[in-house]
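Chemist: In the numbering used here, each residue carries its 1-based index in the sequence shown increased by 7.
Submitted below is the structure of interest, expressed as structure tokens.
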Amino acid sequence: MSLPVNPEKPRRLFLALWPEAQERQSIARLAARATGRQRRIADDLLHLTLVFLGKTPADRLAAYEAALADLPVPEMELVLDRYGYWPQSRILWLGSSHTPPELYELVAELHRRLRDCGFAPEEPAFRAHVTLARRFSGPVPTELPPVPIRWRVNEVALVESTPPPRIAHYEVLRYWPERR
Ligand code: 2AM
8 MSLPVNPEKP RRLFLALWPE AQERQSIARL AARATGRQRR IADDLLHLTL VFLGKTPADR
68 LAAYEAALAD LPVPEMELVL DRYGYWPQSR ILWLGSSHTP PELYELVAEL HRRLRDCGFA
128 PEEPAFRAHV TLARRFSGPV PTELPPVPIR WRVNEVALVE STPPPRIAHY EVLRYWPERR
């Protein structure tokens, strides 16, 4: 269900690769395997962030949408075949040992277009990953995922994040290229 939109209130947004049901199920299976009984990201929230836009007022969003209207998104295959762990944030993630160059080019193109609308990309630089668990206390899997996930990618999702005190929730607002 869509939330009522208050045009005065900035919306918390990000651009992402949003898995379809089959890939989502495969990623969720690996997440369950890797995290055991620990709390992990809910299956329907799993995604790969391309650009975190943060709190975005309505006029800024309109400018982003105009800038991305004819965004070319090349068809690519992302092979998710390794786990990673960032100790500082205690994030356990799933990623690729060979992230396709097209994905880095896509993120660079997004930055170029958004920068023209006044957007300042965050540091650190883009690192392709699907977060499986936050505040993960281990053990970090040492083996590779038993079966790599082949994820065919050909669109970028604009996603809204509703933080607590409502339950954390992500909603895809639209895709580029536009779905018909
Ligand atoms: P993640 O990709 O490591 O999970 C929505 O919050 C998404 O944007 C999450 O996937 C999150 O991290 C990513 N993200 C990137 N920078 C963020 C920031 N400064 N604050 C919140 N989320 C951020």
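Every residue gets a Cβ at the ideal spot worked out from N, C-alpha and C, and that includes glycine.
#1: How would you label W100, buried or exposed, when you count the other beta carbons within 10 angstroms and need 16 or more for buried?
#2: Which same chain residues, not among the five before or five after E129, have their C-beta less than 7 Å away from its C-beta?
#3: Which same chain residues, not among the five before or five after R19, have their C-beta less than 6 Å away from its C-beta?
#4: Got a sec, what are the start and stop residues for the alpha helix (DSSP H) S144 sits in?
#5: Does R122 come out as helix, strand or coil in the three-state DSSP assignment?
#6: Using a threshold of 8 Å, state whether the C-beta atoms of I48 and T138 are closer than that.
#7: First and last residue of the alpha helix (DSSP H) that includes I34?
#8: So, does the segment 88-99 touch the segment 62-78, judging by three or more C-beta pairs under 8 Å?
#9: If we count Cβ pairs, one from each stretch, closer than 8 Å, do we get three or more for the segment 151-164 versus the segment 100-119?
#10: If you drop the 5 nearest sequence neighbours on each side, which residues of the same chain put their C-beta closer than 8 Å to that of R186?
#11: For L68, which three-state DSSP category applies?
#12: Mind pulling the beta strand (DSSP E) runs of 3 or more residues that sit fully within the segment 71-106?
#13: Nearest to V154 by CA position, among Q45, Y90, D51 and W25, is which residue?
#14: Measuring CB to CB, does S103 end up less than 8 Å from L87?
#15: Quick check: the Cα distance between R36 and H176, rounded to an integer number of angstroms?
#16: So is L57 buried or exposed if we call it buried at 16+ other beta carbons inside 10 Å?
#17: Any idea what DSSP makes of A115, helix, strand or coil?
#18: Helix, strand or coil for E167 per DSSP?
Modeler: Looking at the atomic coordinates:
#1: buried
#2: Its chain contains F59 as the residues whose beta carbon lies nearer than 7 Å to that of E129, once the 5 sequence neighbours on both sides are disregarded; these appear in chain order.
#3: K62 and S168
#4: That residue, S144, is in no alpha helix (DSSP H); it is neither H nor E in DSSP.
#5: helix
#6: By the CB criterion at 8 Å, I48 and T138 fall inside the cutoff.
#7: A28 to T42
#8: The segment 88-99 is not in contact with the segment 62-78.
#9: Output reads yes: the segment 100-119 touches the segment 151-164.
#10: Closer than 8 Å at Cβ, skipping near neighbours: E162.
#11: helix
#12: The segment 71-106 contains these whole beta strand (DSSP E) runs: 83-87, 89-93 and 98-102.
#13: Residue Y90 is the option with its Cα nearest to V154.
#14: yes
#15: 20 Å
#16: buried
#17: The answer is helix: DSSP assigns A115 an H, G or I state.
#18: strand
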